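Residue numbers (this note's numbering): 221 to 577.
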Ligand SMILES: [Zn+2]
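Right under this line is the structure:
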């Protein structure tokens, strides 16, 4: 487990170690820590290991929201009301799912009083809602404290919670010499705001354009896998300083489409070498991405769509589409072909030639 930093003697205050020994999990016997005689560093390190294990570092399933809570309270550097914290988490979740859940805003504080995302953390332990609460899991380890659990009540990180945030967001961050694969393994699953912070140390090992080059090169080799999306997301987080890296990729066919997309969004002009034909292929490529996610979400729908094509244009119609898609070099096309052959909607060699022989 990558709790990277070893504490040197004297680095950890005894008060912190005492707080760890007095956290609810330690007091209830659910967590065994070394005694104080072994030194405050030993105690805190053991406590951190236990928290990491409980949060399932580095996958965090199902504790992503706990990471959000830790990050947001850490950034706030002061107490937050529970309504504010819930609003932050809901808007983060809305960004991911694309679904917003509005609700009625309170006249006193302007927030929506829907605290369901942080769960019922004051219920007794063993209560299902308590045991799945992202605030509750942090409370078990003595990382958060609160005054009044109502919507206007305040929640903050304890000194122990702060040392957890520092350990997680800085010490456990990828090292500058880590490979992109390592970076994605460690920070791929955390929420985007935490990724932004956790990738900074890695970025110190390369220039911003090189970081973009490295991430996109990795992404290209993982086209069709989750790692690809993660690498591209991290490349986008490098920010405007990465421009030269994006420009290099924008000149490449195929996967360079995402760099061209980035350049357009950033209102940067494309390299002169990008032809009109390439722009047409890019449109096809992005269309294939959509069909691809359709095929992943519901293969039935995907096959239904092709069945309609076949009913209308026969084998030649199916062939024409696959032939055009093949020209993009998009790696999903081969998978489409095998899906269609399996379903009896196309035969071997479909899409290899402009016209069916
Ligand atoms: Zn209110």
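Glycine is no exception: its CB is placed at the ideal position from the N, C-alpha and C atoms.
All values derive from a computational prediction rather than experimental measurement.
Going by the C-beta, is residue 461 closer than 6 Å to any heavy atom of ligand 1?
no
Helix, strand or coil: how does DSSP classify residue 222 here?
Low confidence applies here, because residue 222 scores a pLDDT of 48, under 50, leaving its location unreliable and the question unanswered by this model.
With 7 Å as the threshold, decide whether the Cβ of residue 530 is near any Cβ in chain B.
Within the model displayed, chain B is absent; a lone protein chain is all it includes.
Can you list, in chain order, every residue whose CB sits closer than 5 Å to a heavy atom of ligand 1?
326, 328, 329
Would you report the Cα separation of residue 418 and residue 393, rounded to the nearest angstrom?
5 Å
Residue span of the alpha helix (DSSP H) that contains residue 266, given as start and end
260-274
Go through the region 469-532 residue by residue and report every complete run of the alpha helix (DSSP H) that reaches 4 residues or more, in order.
When DSSP assignments are scanned along the region 469-532, the uninterrupted stretches of alpha helix (DSSP H) that are 4 or more residues long and fall wholly within it turn out to be 477-485, 496-517.
The beta strand (DSSP E) enclosing residue 392, as first and last residue numbers
Element bounds for residue 392: n/a, residue is neither H nor E.
Short check: CB of residue 433 to CB of residue 465, under 7 Å?
yes
Would you kindly work out how many angstroms separate the C-alpha atoms of residue 467 and residue 502, rounded to a whole number?
16 Å
By Cβ distance, which residues of its chain are closer than 6 Å to residue 425, with the 5 residues on each side in sequence left out?
396
For the 8 Å Cβ check, are there 3 or more pairs between the region 557-573 and the region 519-538?
yes
Spatially closest choice to residue 251 from 458, 361, 332, by CA coordinates
In terms of CA proximity to residue 251, 361 leads the group 458, 361, 332.
Distance between residue 509 and residue 388 (C-alpha atoms, nearest Å)
34 Å
Please report the straight-line C-alpha distance between residue 226 and residue 301, rounded to a whole angstrom.
34 Å
Pull up the distance between the alpha-carbon of residue 409 and that of residue 281, whole angstroms please.
8 Å
Can you give me the Cβ contacts of residue 339 inside the same chain, cut-off strictly under 8 Å, excluding the 5 residues immediately before and after it?
349, 350, 352, 353, 354, 355, 356
Which ranges does the alpha helix (DSSP H) cover as unbroken runs of at least 4 residues, wholly within the region 398-466, from first to last along the chain?
Within the region 398-466, the complete alpha helix (DSSP H) segments at least 4 residues long are 400-407, 412-418, 420-423, 428-441, 446-457, listed from N- to C-terminus.
Residue 566 (DSSP reduced to helix, strand or coil)
Three-state result, residue 566: coil.
Could you have a look at residue 352 and say whether DSSP puts it in helix, strand or coil?
The DSSP-derived three-state label of residue 352 is coil.
Close-in-space but distant-in-sequence residues of the same chain around residue 306 (CB under 7 Å, 5 per side omitted):
334, 335, 337, 338
Can you tell me which of the three DSSP states residue 553 falls into?
helix
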